[in-house]
Amino acid sequence: MTVTAVRKDPQRLTLTVEAEFGASVDRVWQLWADPRQLERWWGPPTYPATFTKHDLAPGRRVEYRMTGPAGDQHHGYWDVLEVEPPRRILFRDGFANADGTPNTDMPITTIRVGIEEVARGRTRMSIESVFPSTEAMEQVLAMGTDEGLTQAVGQIDAILAAETIPR
Amino acid sequence: MQIAPPDFDRVFAALADRTRRDIVRRAIGAEEGVLELAGHYPMSFAAVQKHVAVLERAGLVTKERVGRRKVVRTNLEALLVARRLLDRYEELWRARIDRMNELLAETADAVDTPERKESNR
């Protein structure tokens, strides 16, 4: 089993997953830094991701779309906050409209990736997701439309359902 | 795999606020009414009342009559909803990590000699 630890904090809506790989830090870094490799794992086989923009630098943006079995497309983006190759990435993962502009009605997940060597050829990766940001949810609340929120969550549900591989 | 409790969205939104999370924590013991709860925060009674109302609508707390008083009680069931959401996120990342592993295994030869990777094509 590659996943070595999972920590959940329901009150902070935070999930931390740690995994170990039999590969070097640089090799694991490439999983994130190379869009063609990213495409191989970000989306499930039924909803493969295509990264149309991949500028992994602070202040820059990564854009992708996921295509479903019926040709349905779901757009997403990362706002890259911090990058320290080959060890660290901090970004906000959000939903986008068809034209690539952020869908501001949708919650944003903040993801912190850490990569470190535990032994020669053995690398630990930790992924901390905060879902969603307080600001995003406050914004939705301030709008006072439960309808918009329901719809947004419905879309997340659809995407999550698609991404979940039944065991 | 379907996990979609009806008030999932509200629970989600209600827990996004620090004061409300604190109210949920304090109300587990179901000892205080809104007035007593308001004493813990540097904000007006009305503001705290609003927070409690948001939590109530999300099903995270209920107001219960104890003798002549009304106390706020946390509904632990609703908190589990948040946990289930995190469970689903765990599944998502486990699946991603499985795929990462497959990808790493596939290119294991190239790891030892990274220079070869490009010229192989």
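Here the protein sequences come in this chain order: H and R. Counting in our numbering, the first sequence runs from -18 upward without gaps. Counting in our numbering, the second sequence runs from 2 upward without gaps. Even glycine gets a Cβ: it sits at the ideal position worked out from N, Cα and C.
Against chain R, does residue i count as a neighbour if the rule is that its beta carbon must be under 8 Å from one of theirs?
i: residue 12 (chain H); result: yes
i: residue 119 (chain H); result: Residue placement at residue 119 (chain H) is flagged as unreliable, the pLDDT there being 38, under the threshold of 50; the coordinate-derived value follows with that caveat. Cβ-Cβ to chain R under 8 Å: yes for residue 119 (chain H).
i: residue 124 (chain H); result: Because residue 124 (chain H) sits at a pLDDT of 30, beneath the cut-off of 50, its placement in the model cannot be relied upon, and the following sentence gives the value as read from the coordinates. False, the Cβ-Cβ gap to chain R never drops below 8 Å.
i: residue 115 (chain H); result: Bear in mind that the predicted position of residue 115 (chain H) carries a pLDDT of just 41, short of 50, making it unreliable; the figure below should be weighed with that in mind. Residue 115 (chain H) counts as touching chain R.
i: residue 18 (chain H); result: yes
i: residue 85 (chain H); result: no
Does residue i come within less than 8 Å of chain H when only Cβ atoms are used?
i: residue 95 (chain R); result: yes
i: residue 38 (chain R); result: no
i: residue 16 (chain R); result: yes
Kindly list, in the order they appear in chain R, the residues whose Cβ is closer than 8 Å to that of residue i.
i: residue 111 (chain H); result: Correct list: empty, because the minimum Cβ distance to chain R is about 10 Å.
So residue i contacts chain H; which residues on that side make the cut at Cβ distance below 9 Å?
i: residue 98 (chain R); result: -17, -16, -2, 0, 2, 22, 106, 108
Find the nearest neighbour of residue i within the set the options, judged by alpha-carbon distance.
i: residue 76 (chain R); options: R:18, R:31, R:17, R:102; result: R:31
i: residue 98 (chain H); options: H:55, H:-13, H:2; result: H:2
i: residue -14 (chain H); options: R:92, R:108, R:100; result: R:92
i: residue 65 (chain R); options: R:59, R:73, R:103; result: R:73
i: residue 103 (chain R); options: H:49, H:35, H:18; result: H:18
i: residue 18 (chain R); options: R:105, R:47, R:35, R:52; result: R:52
i: residue 104 (chain H); options: H:43, H:-6, H:11, H:28; result: H:11
i: residue 90 (chain H); options: H:70, H:111, H:107; result: H:111
i: residue 57 (chain H); options: H:30, H:16, H:22; result: H:30
i: residue 68 (chain H); options: H:13, H:-5, H:-11, H:-2; result: H:13
i: residue 80 (chain H); options: H:63, H:46, H:41; result: H:46
Counting C-beta neighbours from all protein chains within 10 Å, is the total for residue i 16 or more, i.e. buried, or is it exposed?
i: residue 68 (chain R); result: exposed
i: residue 72 (chain H); result: buried
i: residue 76 (chain H); result: buried
i: residue 88 (chain H); result: buried
i: residue 36 (chain R); result: exposed
i: residue 11 (chain R); result: buried
i: residue 39 (chain H); result: exposed
i: residue 123 (chain H); result: Bear in mind that a pLDDT of 34 at residue 123 (chain H), under 50, signals an unreliable position, so the number given afterwards is only what the model happens to contain. Residue 123 (chain H) comes out exposed.
i: residue 24 (chain R); result: buried
i: residue -12 (chain H); result: exposed
i: residue 106 (chain H); result: buried
i: residue 1 (chain R); result: Since the first residue shown for chain R is 2 and the last is 122, residue 1 (chain R) is missing from the structure and cannot be characterised.
Can you list the residues of chain R that residue i reaches, using a CB-CB cut of under 7 Å?
i: residue -13 (chain H); result: 91
Please confirm whether residue i has its beta-carbon closer than 8 Å to some beta-carbon of chain C.
i: residue 22 (chain R); result: Here the protein chains are H and R, and chain C is not one of them.
* Asked: What residues from the region -2 to 9 of chain H come within 9 Å of chain R, judged by C-beta to C-beta, listed N to C?
  -> -2, 0, 2, 3, 4, 5, 7, 8, 9
* To do: Could you please tell me which residues of the region 25 to 48 of chain H, in chain order, have their CB closer than 9 Å to any CB of chain R?
  => 25, 26
* **Cβ-based contacts, 7 Å cut-off: residues of the region 100 to 111 of chain R near chain H** => 100, 101, 102, 104, 105
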